[in-house]
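Trainee: I'd like to ask some things about the structure below.
Numbering (the working numbering), first residue to last: 1 to 314.
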């Protein structure tokens, strides 16, 4: 059995992962989460108390924090995304053999960062840098390994939009008007897109770390899973079963840059940056090919139609 440590255990996707690990912790030698402070204040301490895992206190950049663990799952948010190379180095120095990087707050374990639709977008700069650093470390030491979790919506992601199915509604990525009569979406109606419920992603990830699915900690691995993979027009067709016919305006690439510029002018930093992620989402950079759902018969992922019903089928 392996020992597993989670970074960012109470975040958007981290909370789902830590919950699933707590459910499955009897199948691991040790299961814990790392926090930088022993007393983070009442609000955070209340959240930590509900995690249901052993708590380790220490710096995320200190190798001593990782001693005794085989696997690290990073579910840190965007504020720590650029520092993941430090956590990777510290973890490996501390004896960790396998690292699962986060694609960060809105993209944890999301799009294919090697895909040109994602790789060249500004939003993914830090995420691409993290992957390059991790891959370099594995090349230098073949006794180490990593897993990329590919759910293929680039975000809140991290996981944590890589877009998890529910975030289309919770963050209105579909661009639905308040009266749900129209929608504005950056993308091509024929572009295909993979959606996966975040709780299902957590289930796949934790199951994938069991020896039955991960017999060796060495080497590179991609975990590609899905709830549904559909053309964007098909996503809206499911939505229209509950809203009625929508007047949908699809924004092309050129127009999307104008939207980002306007958001920047208004001082809306994150919305301006997220347009970059939406282009990856809407123009073909978020389709998972070669999914391995069938390797996990114990997990039945929720389909897009079920997710839509959950949010709109009142």
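Note that beta-carbon positions come from the ideal geometry of N, C-alpha and C, so glycine has one too.
What residue from 269, 187, 305, 14 has the CA that sits closest to residue 47's CA?
Mentor: Minimum Cα distance to residue 47 is reached at 14.
Trainee: Nearest to residue 168 by alpha carbon, out of 224, 259, 307, 225?
Mentor: The option with the nearest alpha carbon to residue 168 is 307.
Trainee: For the beta strand (DSSP E) holding residue 164, just list the boundary residues, first then last.
Mentor: Note, residue 164: premise wrong, no beta strand (DSSP E); not H, not E.
Trainee: Between residue 134 and the rest of its own chain, which residues show a CB-CB distance below 7 Å, the 5 nearest in sequence each way excluded?
Mentor: If we look at residue 134 and ignore the five residues flanking it on each side, its Cβ neighbours are 88, 99, 101, 146.
Trainee: Here's the rule: buried if 16 or more other CB atoms are within 10 angstroms of the residue's CB, otherwise exposed. What is residue 19?
Mentor: So residue 19 counts as buried.
Trainee: Roughly how far, in whole angstroms, is the beta-carbon of residue 93 from the beta-carbon of residue 63, given that I think they are within contact range, below 8 Å?
Mentor: Going by Cβ atoms, the distance from residue 93 to residue 63 rounds to 4 Å, so yes, they are a contact pair.
Trainee: Apply the 10 Å Cβ neighbour rule to residue 177 and answer buried if 16 or more other Cβ atoms are within range, or exposed otherwise.
Mentor: With fewer than 16 Cβ atoms within 10 Å of its Cβ, residue 177 is classed as exposed.
Trainee: So what's residue 222 in DSSP terms, helix, strand or just coil?
Mentor: The answer is strand: DSSP assigns residue 222 an E or B state.
Trainee: Quick check on residue 99: does DSSP put it in helix, strand or coil?
Mentor: In this structure, residue 99 counts as strand in the three-state DSSP scheme.
Trainee: Going by beta carbon distance, what residues of the same chain come within less than 7 Å of residue 35, once the five residues before and after it are set aside?
Mentor: Within the same chain, residue 35 has close Cβ partners 48, 55, 57.
Trainee: Tell me which residues share the same chain as residue 69 and place their Cβ nearer than 6 Å to its Cβ, disregarding the 5 neighbours each side in the sequence.
Mentor: 3, 5, 96.
Trainee: Mapping the DSSP letters down to three states, classify residue 173 as helix, strand or coil.
Mentor: The answer is coil: DSSP assigns residue 173 none of H, G, I, E or B.
Trainee: For residue 38, which three-state DSSP category applies?
Mentor: Coil.
Trainee: Output needed for residue 66: all residues of its chain with C-beta closer than 7 Å, excluding positions within five of it in sequence on either side, in chain order.
Mentor: Excluding residues within five positions, the ones whose Cβ falls inside 7 Å are 5, 72, 90, 91, 94, 95, 96.
Trainee: Over the uninterrupted alpha helix (DSSP H) stretch that includes residue 253, give me the two end residues.
Mentor: Residue 253 -> alpha helix (DSSP H) spans 253 to 265.
Trainee: Would you call the CB atoms of residue 227 and residue 150 closer than 7 Å?
Mentor: Going by C-beta atoms, residue 227 is not nearer than 7 Å to residue 150.
Trainee: May I ask you to report which of helix, strand or coil DSSP gives residue 282?
Mentor: Reduced to three states, the DSSP call for residue 282 is helix.
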